[in-house]
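Residue numbers (our numbering): 23 to 467. Where is the CB? At the ideal position from N, CA and C, for every residue including glycine. Inspection log for the structure reproduced underneath, given as structure tokens.
See below:
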């Protein structure tokens, strides 16, 4: 039994010896590994000078992308002379995520300077990874053939870059609410976000003015306030100039869609300059004309999404799930019946409605409500519940089709337009009900 135990013990010791970690590199931290590679001596010096050498010599795990000496030969001396710029630059080569370079899936890798770099296969941004995944005591070392500069993000470009055209810059910086919050960043695109990547079009001053003048007529105010008109027109122009997709110069198509579904026709001859960012790319455009018919999309208001009413009749308000045999799709509409109020209405807020002509439509289903087979009338009120811009329209039984209601013109821009689904002017339960699946307003351009 003792002999058997010794045999087992000897076998265990042999297996322990076999599986023991014997690579001396695994006992060295990342700074030690870098300092032992002659072609990384320049980067090692920068690590120490920036203070990041001590960081990657600690116990926390990092992934380092170290450029060779030849890549650093042309480093701007002003970067090394400025501590903040040096830390920004060196920090753009260090990630506090432990990441092994494998496969070919694109990845946005967070660096310790809070910027992100694009990593795909054995490439990080424009640099090739010539030696990958040298694992040490506290992470991976990758050797690269080019530096990875710490670029400005899109908002830093707007604020600080002398190449940013003055007119669009002034507009974007002016978009602030009463608290000082920039409303462009808050509601259209947060160009500071390093996690995302944008295609950002900026217009030369003449191009900005041309687009502003093109859209001013749609934002004329009843008050005659020209500053507010220019502001609203500027928002309409600016909102479509940033895309959530990065289009590199070699692959940008001749037509792209903005996040608001506006068609932008991109003529490559109109691209004056291309500038790479830490979170995307900037195209400075000599011109970028947008047609109003592409800018202004139809409004579709779902009936069940009403926001106010004449009096509270929620006890007789019904949201109904139906199947529409005309479209072949399910639908949800709203019905108010037995409310006992002449010209009862449901109301809808519609923001940012330009001055122009519109055609109005709805789908309103009367499917023999309360076994009543007679028709009834209801009104789409524009601006007021009893507006005369459109006439009362008869709702016939069992009609699942979209119905044309007529057209109307808004002579002024409405920052908020109220729409009303208004019942007939009587208290007869069968004659004054209202119902709608959706309302559609189609710009006439």
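Legend entry - Where residue 409 falls: helix, strand or coil (DSSP): Your numbering for residue 409 matches position 387 in the chain shown. DSSP places residue 409 outside both helix and strand once states are collapsed to three, so it counts as coil.
Legend entry - Closest residue to residue 180 among 224, 257, 300 and 403 (Cα-Cα distance): Within the chain shown, the letter at position 158 stands for residue 180. Closest by alpha carbon: 224.
Inset, instruction - Note down, in chain order, each residue of its chain lying with its Cβ closer than 7 Å to the Cβ of residue 231, except the 5 sequence neighbours on either side. - result: Locating residue 231 in the chain shown gives position 209, where the first residue counts as 1. For residue 231, where only same-chain residues beyond five positions count, the Cβ hits under 7 Å are 189.
Inset, instruction - Below 8 Å CB to CB, which residues in the same chain sit around residue 329 once its five sequence neighbours on both sides are set aside? - result: Locating residue 329 in the chain shown gives position 307, where the first residue counts as 1. Excluding positions up to five away in sequence, the list reads 369, 370 and 371.
Legend entry - Cα-Cα separation between residue 341 and residue 390, rounded to whole angstroms: For the purposes of this step, residue 341 is taken as residue 319 along the chain shown, with counting starting at 1. For the purposes of this step, residue 390 is taken as residue 368 along the chain shown, with counting starting at 1. Cα-Cα distance, rounded: 16 Å.
Inset, instruction - Output the distance between the C-alpha atoms of residue 460 and residue 348, rounded to the nearest integer angstrom. - result: Locating residue 460 in the chain shown gives position 438, counting from the first residue. Locating residue 348 in the chain shown gives position 326, counting from the first residue. About 15 Å.
Legend entry - C-alpha distance - residue 43 paired with residue 126, whole-angstrom precision: One-based indexing of the chain shown puts residue 43 at position 21. One-based indexing of the chain shown puts residue 126 at position 104. Here the model assigns residue 43 a pLDDT of 45, short of 50, so the residue's position is not dependable, and the following value carries that caveat. Put simply, the backbone Cα of residue 43 is about 30 Å away from that of residue 126.
Legend entry - Test item: CB-CB of residue 400 and residue 453 under 8 Å: Within the chain shown, the letter at position 378 stands for residue 400. Within the chain shown, the letter at position 431 stands for residue 453. Taking 8 Å as the cut-off, the Cβ atoms of residue 400 and residue 453 do not count as close.
Legend entry - Beta-carbon proximity of residue 112 to residue 72, cut-off 8 Å: Here the question's residue 112 lines up with position 90 in the chain shown. Here the question's residue 72 lines up with position 50 in the chain shown. The answer is yes: Cβ separation under 8 Å.
Legend entry - residue 360 classed as buried or exposed, judged by whether at least 16 other C-beta atoms fall within 10 angstroms: For the purposes of this step, residue 360 is taken as residue 338 along the chain shown, with counting starting at 1. Residue burial annotation: residue 360 is exposed, with fewer than 16 other C-beta atoms found within 10 angstroms of its C-beta.
Inset, instruction - Would you list, in sequence order, the uninterrupted alpha helix (DSSP H) runs of no fewer than 4 residues that lie entirely inside the segment 198-286? - result: DSSP runs (the alpha helix (DSSP H)) wholly in the segment 198-286: 205-209, 227-237 and 248-260.
Inset, instruction - Assuming residue 383 contacts residue 326 (C-beta within less than 8 Å), just tell me the rounded distance between them. - result: Working through the chain shown from its first residue, we reach residue 383 at position 361. Working through the chain shown from its first residue, we reach residue 326 at position 304. Rounded, the Cβ-Cβ distance is 17 Å, inconsistent with contact.
Inset, instruction - Identify whether residue 339 lies in helix, strand or coil by the three-state DSSP scheme. - result: Taking the chain shown and counting its residues from 1, one reaches residue 339 at position 317. Strand at residue 339.
Legend entry - Assigned exposure category for residue 322 - 16 Cβ within 10 Å defines buried: Here residue 322 refers to the residue found at position 300 when the chain shown is read from its first residue. Per the 10 Å Cβ criterion, exposed.
Legend entry - Same chain, Cβ closer than 6 Å to residue 56, five either side skipped, listed in chain order: Here residue 56 corresponds to residue number 34 of the chain shown, with the count starting at 1. When the five nearest sequence neighbours on each side are left out, the beta carbons in the same chain lying within less than 6 Å of the beta carbon of residue 56 are those of 62, 66 and 88, in order along the chain.
Inset, instruction - Please list, in chain order, all residues of the same chain as residue 277 whose beta carbon is under 8 Å from its beta carbon, the five residues on each side excluded. - result: One-based indexing of the chain shown puts residue 277 at position 255. Result list for residue 277: 285, 286, 287 and 288, in chain order.
Inset, instruction - Starting from the Cα of residue 156, find the closest Cα among 86, 193, 78 and 211 and give me that residue. - result: Along the chain shown, read from residue 1 onward, the residue named residue 156 stands at position 134. Checked all of 86, 193, 78 and 211; the closest Cα to residue 156 is 86.
Legend entry - Uninterrupted beta strand (DSSP E) stretches inside the segment 391-445 (no shorter than 3 residues): Restricting attention to beta strand (DSSP E) runs no shorter than 3 residues, the segment 391-445 encloses them at 398-404, 415-417, 425-431 and 436-445, ordered along the chain.
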